[in-house]
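Take a look at the structure set out below.
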Amino acid sequence: MSAGGEHLKDEGTRRQVVLAGGIAGLISRFCIAPLDVVKIRLQLQIHSLSDPVSHANINGPVYKGTFSALKTILRQEGLTGLWKGNVPAELMYVCYGAIQFSTYRSTTQLLSQLDSHRLPQPLESFVAGALAGGVATASTYPLDLLRTRFAAQGSGEHRVYRSLFSSVRDIARHEGPAGFFRGCSAAVGQIVPYMGLFFATYETLRPAMASAPDALPFPLPPGSGDAASGVLASVFAKTGVFPLDLVRKRLQVQGPTRALYVHRNIPEYRGVFNTMALIYRTHGLRGLYRGLTVSLFKAAPASAVTMWTYERALKLLQEREVTAGSRE
1 MSAGGEHLKD EGTRRQVVLA GGIAGLISRF CIAPLDVVKI RLQLQIHSLS
51 DPVSHANING PVYKGTFSAL KTILRQEGLT GLWKGNVPAE LMYVCYGAIQ
101 FSTYRSTTQL LSQLDSHRLP QPLESFVAGA LAGGVATAST YPLDLLRTRF
151 AAQGSGEHRV YRSLFSSVRD IARHEGPAGF FRGCSAAVGQ IVPYMGLFFA
201 TYETLRPAMA SAPDALPFPL PPGSGDAASG VLASVFAKTG VFPLDLVRKR
251 LQVQGPTRAL YVHRNIPEYR GVFNTMALIY RTHGLRGLYR GLTVSLFKAA
301 PASAVTMWTY ERALKLLQER EVTAGSRE
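Residue 1 is where the sequence shown starts when you use full-length UniProt numbering, and the numbers rise one by one after that.
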């Protein structure tokens with residue numbers, strides 16, 4: 001992504017952007033998978049001691065915080081427990097990254113042709129980012145739901161689904177096509193402002209952050225400005241829309257398997273606004289921000305890795321094409 005909005009629209013061919021976006025999503029997902037599992041477990045956790053018994057006959061919270069969750073998952077489920085749901089998640093992130101960046105590129109190119117009616121650069125980035133996030137989220141949502149359900153289930157005899165194929169078969173059989181899209185409205189409602197805020201903040205910060213490393217007395221790795229811009233943009237955007245992310249996770253595990261996951265006491269929720277109102281009524285404002293800390297720990301490095309990898313991959317693909325063209 002270029003520092004200047006007028007240059008951004010011409011960077012990379014569609015094929016290069018799709019490949020770079022897919023590579024960025026693949027690498028980013030693998031790096032942050034453990035934090036994603038912890039975030040999902042904390043978002044699904046009900047804290048009230050009056051609620052029904054949860055996993056392993058424990059009343060109230062199974063996990064006492066981020067590090068407690070990490071240690072408990074490692075102890076009870078092994079190292080692989082921290083990568084639960086990674087197969088559908090990797091598929092989702094590759095597809096999501098490719099769709100997101102290609103849609104963002106196409107939208108910014110269209111907006112740049114408005115000439116005298118062109119939007120201010122931050123607003124242009126917001127519109128393009130929001131549309132890219134919405135399209136990518138809706139297109140890959142079934143994989144997101146599968147990722148959540150695999151991350152939410154226990155190990156051994158406590159597993160709900162044995163394989164990716166069996167999960168698709170069971171959901172289709174018992175919940176129908178709509179079962180793959182539980183909570184989709186919350187996801188789109190979350191991602192549109194999130195990606196809009198993210199790209200607007202990222203494009204605003206990136207020019208200043210690109211020159212910041214030069215002012216330091218010690219050298220930083222190439223692309224540090226891209227990574228830092230991605231971190232700050234992600235923290236700002238994620239905090240603003242986090243309640244919708246929590247609602248999405250609660251809705252994704254509804255259905256006939258709701259009481260079979262690690263948290264056996266997940267209440268029955270219906271609809272985005274009803275879910276948000278019920279959580280606020282029973283657990284207050286803090287209830288809508290369960291897992292925010294680990295979410296920020298996850299989102300910041302994920303965005304940094306994504307944007308750094310995307311910029312580097314796009315540059316390598318462009319250089320490779322130039323080299324190949326010079327040989328012909």
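Cβ coordinates follow ideal geometry from the N, Cα and C atoms, glycine included.
Might you give, ordered along the chain, the residues of its own chain that have their beta carbon closer than 6 Å to the beta carbon of residue i, omitting 5 neighbours on each side?
i    : result
Q43  : L246, K249, R290 and G291
L91  : L143
S125 : F199, A200 and E203
L260 : V160
By Cβ distance below 7 Å, which residues in the same chain neighbour residue i in space, the five residues on each side in sequence not counted?
i           : result
V135        : I99 and T103
L145        : F180, R182 and Q252
A294        : The question names Ala, but residue 294 is Val in the sequence shown. Counting only Cβ-Cβ distances below 7 Å, and skipping sequence neighbours, we find L35, V38, K39, L42 and T66.
residue 333 : In the structure displayed, the chain extends from 1 to 328; residue 333 sits before or after that span and is not available.
A132        : Q100, T103, Y104, T107 and M195
F242        : Y289, L292 and S295
A300        : V231, S234 and V235
I171        : G179 and F180
T275        : V247, R250, L251 and Y269
In whole angstroms, give me the CA-to-CA distance for residue i and residue j.
i    : j    : result
I46  : T140 : 28 Å
L278 : K298 : 27 Å
V127 : L119 : 9 Å
L123 : G12  : 22 Å
G176 : F198 : 34 Å
K39  : A324 : 44 Å
K71  : A186 : 31 Å
V160 : S167 : 8 Å
L79  : L114 : 52 Å
S106 : V94  : 18 Å
F150 : R258 : 12 Å
R169 : Q76  : 28 Å
S116 : G154 : 57 Å
A178 : L164 : 18 Å
P193 : L26  : 24 Å
G255 : A228 : 40 Å
V53  : H283 : Note that V53 scores a pLDDT of 48, beneath 50, so its modelled location is shaky; the value from the coordinates is reported in the next line. Their Cα atoms are separated by approximately 17 Å.
H158 : R320 : 49 Å
S28  : A210 : 21 Å
G97  : V87  : 15 Å
H174 : R264 : 19 Å
L74  : G156 : 14 Å
R162 : F30  : 21 Å
D226 : R286 : 32 Å
V322 : Q121 : 29 Å
K238 : A69  : 21 Å
I'd like to check one pair, residue j with residue i: are the Cβ atoms closer than 8 Å?
i           : j    : result
L244        : Q190 : yes
residue 337 : A208 : Nothing about residue 337 can be read from this structure; the chain reaches only from 1 to 328.
G240        : M195 : no
residue 334 : A138 : Any question about residue 334 goes unanswered here, given that the chain covers just 1 to 328.
L317        : Q109 : no
Could you pull out every residue in the same chain whose Cβ sits closer than 8 Å to the Cβ of residue i, ignoring the five residues on either side in sequence?
i    : result
V272 : G183, S185, A186, G189, L244, V247 and L251
L314 : E11, G12, Q16, V17 and A20
R14  : S102, R105 and S106
Would you verify that the beta carbon of residue i is, or is not, closer than 8 Å to some beta carbon of chain D?
i    : result
S185 : Here there is only one protein chain, and chain D is not present.
I want to check one thing, is the minimum distance from the CB of residue i to the heavy atoms of the ligand MG below 7 Å?
i    : result
P120 : In terms of ligand content, the structure shown is empty, and the ligand MG therefore cannot be addressed.
TODO: Answer yes if the stretch 302-321 comes into contact with the stretch 267-283, meaning at least three C-beta pairs across the two stretches below 8 Å, and no otherwise.
DONE: no
Open item on the list: For the pair the stretch 24-40 and the stretch 79-93, tell me if three or more CB-CB distances fall below 8 Å.
Closed with: yes
Task: Three or more C-beta pairs below 8 Å linking the stretch 223-237 and the stretch 189-206 - done: yes
TODO: Examine the Cβ distances between the stretch 17-25 and the stretch 59-69 and report whether three or more of them are shorter than 8 Å.
DONE: no
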